[in-house]
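What follows is one structure encoded as structure tokens, with my remarks underneath.
Numbering (the working numbering), first residue to last: 1 to 458.
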């Protein structure tokens, strides 16, 4: 029976370990902290349920399989019907993002000129004559026009990556869009044809979901299923390839490092943590070290419903960089999105600050960050009075940025795997930053490891 080590008990590592265990492999997960789940963390206090990291999930094949295997369906909650409604700030007020042709025609979010420019997208030629990387901002401006960049794509990127579209690679951060242009010559026609060629089944869930007790339900269930296979308080300090497989060195409380031997290792450590390992390799790992993870502060505030003028009838609001009189990235209407997030008669607003746009704001004291958030919520949502509940979470390194040249990062990871038998990488730096992407990455790494070990030892 092959023995496989998984470094890190975030959602990618837990998924990989669970798949390995279900396949009959001997697996051990080494986690530096005292809890599993990584950035997925849910806490309850005073009747409020706060998500420290991701707030919702979209159904994917891997997630649905996990939910079925872990018997979590009866604990799942689907988003409110208004979740498809999202607000974007324009001219200092929340404006609904159009979701239909009728709402697009009547919206105040885009000018008449911007609407005409957007309708011209099918007639814009493909980018030609170069294979060089293109920023998401340049791609959007070229295909959709500057206003769509300013009031749709830029705020969306702030919400997903806490990033800057002028720095992100269109190819690697939003590969699907680039593929549509290359294959069909138009995002509009490409989207229509792709949906026609691969329609979703009639019974496919299409909304957002979470769980009654928050998103941490999923990693907690995986950790419970893995049991003693997850070992906490085991920070990995070194990784060495041996004749028999892999030697993993773990810091111990008595200052004498402990060693674990594995036939294969799956690293789900974030790239900034991987950089700290003692790992001898002839491959230049510097592209991995150059990946940035900007800081983000999360501020959850609970109010009496009567203290908020806005109807809070949607997922939340995003603040574009061009609305630079405000400092927050955006706010999720948490108590609207899912039930059980706030006591009756109260609302919960979860706001994000910092990222690539204003990293220094995320590093301020909790009280200073809260002041920034309260000021902007007052101006944008008509919030009055002090919150009766407040919680602050600081992520010093939040989300990996798929910046221009990110292809070199992916190539380096592929080369490390190819040149080091039995070493695999998974995580939100691999093929997408969403929870679903991380789950798929962990499952794919587990499959690669099992396939290689099966081929080696038939």
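Backbone N, C-alpha and C fix where the C-beta goes; we use that ideal spot for every residue, glycine too. Nothing here was measured: the structure is a model prediction, and the numbers come from that model.
Subject >> Close beta carbons around residue 437, own chain, < 7 Å, minus the five adjacent residues each side >> reply: 428 and 431
**OP:** Please state whether DSSP places residue 28 in a helix, a strand or coil.
**Re:** strand
Original post:
Which whole-angstrom value describes the C-beta separation of residue 87 and residue 96, a residue pair presumed to lie in contact below a C-beta threshold of 8 Å?
Top reply: Their Cβ separation, rounded to whole angstroms, is 6 Å, which keeps residue 87 and residue 96 in contact under 8 Å.
**OP:** Output the distance between the C-alpha atoms of residue 260 and residue 408, rounded to the nearest integer angstrom.
**Re:** Each residue's Cα considered, the two are about 31 Å apart.
Original post:
The alpha helix (DSSP H) with residue 151 in it runs from where to where?
Top reply: Looking at the DSSP string, residue 151 is not in any alpha helix (DSSP H), and its letter there is neither H nor E.
Subject >> Cut-off 8 Å between Cβ atoms - residues of its own chain near residue 90, not counting five sequence neighbours on either side >> reply: 108, 109, 151, 320 and 323
Original post:
In its own chain, which residues sit with a C-beta less than 8 Å from the C-beta of residue 470, not counting the 5 before and 5 after it?
Top reply: Here the chain covers residues 1 to 458 and nothing more, so residue 470 does not appear.
Original post:
Could you give the C-beta distance for residue 238 and residue 277, rounded to a whole number, given that I count them as a contact under 8 Å?
Top reply: 6 Å
Subject >> C-beta atoms of residue 426 and residue 166 nearer than 8 Å >> reply: no
Subject >> Segment contact, 8 Å Cβ cut-off, at least three pairs: the stretch 400 to 416 with the stretch 329 to 341 >> reply: Note that the stretch 400 to 416 does not touch the stretch 329 to 341; fewer than 3 beta-carbon pairs, one per stretch, sit closer than 8 Å.
Subject >> Those runs of the alpha helix (DSSP H) which lie wholly inside the stretch 172 to 256 and span at least 4 residues >> reply: 175 to 184, 187 to 197 and 217 to 226
**OP:** Entirely within the stretch 298 to 370 and at least 3 residues each: give me those beta strand (DSSP E) ranges in chain order.
**Re:** 316 to 318, 328 to 333 and 346 to 354
Subject >> Sub-8 Å separation of residue 375 and residue 299 beta-carbons >> reply: no
**OP:** Take residue 70 as the anchor and find which of 79, 57 and 18 has the nearest alpha-carbon.
**Re:** 18
Original post:
Is the Cβ-Cβ distance between residue 122 and residue 186 less than 8 Å?
Top reply: yes
Original post:
Excluding sequence positions up to five away, which residues of its chain have a Cβ less than 7 Å from the Cβ of residue 263?
Top reply: 2, 3, 4, 245, 422 and 453
Original post:
DSSP three-state call for residue 11: helix, strand or coil?
Top reply: helix
Subject >> For residue 87, the three-state DSSP class (helix, strand or coil) >> reply: strand
Subject >> Own chain residues within Cβ distance below 8 Å of residue 45, not counting five before or after >> reply: Excluding residues within five positions, the ones whose Cβ falls inside 8 Å are 389 and 391.
Original post:
Who are residue 57's beta bridge partners in DSSP?
Top reply: 209
Original post:
What separation, rounded to the nearest whole angstrom, lies between the Cα atoms of residue 59 and residue 213?
Top reply: Distance between the alpha carbons of residue 59 and residue 213 is about 18 Å.
Original post:
Cα-Cα, which of 232, 243 and 443 is closest to residue 250?
Top reply: 232
Original post:
Roughly how many angstroms separate the alpha carbons of residue 292 and residue 168, rounded to a whole number?
Top reply: 11 Å
Original post:
Among the residues of its own chain, which have a CB less than 7 Å from the CB of residue 137, if the five just before and after it don't count?
Top reply: 149, 165 and 166
Subject >> Beta-carbon proximity list for residue 450, same chain, < 6 Å, skipping 5 on both sides >> reply: For residue 450, where only same-chain residues beyond five positions count, the Cβ hits under 6 Å are 23.
Original post:
Using a Cβ-Cβ cut-off of 7 Å (strictly less than) and excluding sequence neighbours within five positions of residue 84, which residues of its own chain qualify?
Top reply: 99
Original post:
Excluding five sequence neighbours on each side, which residues of the same chain lie with their C-beta closer than 8 Å to the C-beta of residue 257?
Top reply: 237, 238, 249, 250 and 251
**OP:** Consult DSSP for residue 136 and reduce its assignment to one of helix, strand or coil.
**Re:** helix
**OP:** Leaving aside the five residues before and after residue 204 along the sequence, list all residues of the same chain whose C-beta is less than 6 Å from its C-beta, in chain order.
**Re:** Because residue 204 sits at a pLDDT of 44, beneath the cut-off of 50, its placement in the model cannot be relied upon, and the point is left open.
Original post:
Can the beta-carbon of residue 79 be found closer than 8 Å to that of residue 352?
Top reply: no
Original post:
Is the beta carbon of residue 336 less than 8 Å from the beta carbon of residue 82?
Top reply: yes
**OP:** List the endpoints of the continuous beta strand (DSSP E) containing residue 96.
**Re:** 93 to 96
**OP:** Determine the burial state of residue 132: buried for a count of at least 16 other Cβ atoms within 10 Å of its Cβ, exposed for fewer.
**Re:** exposed
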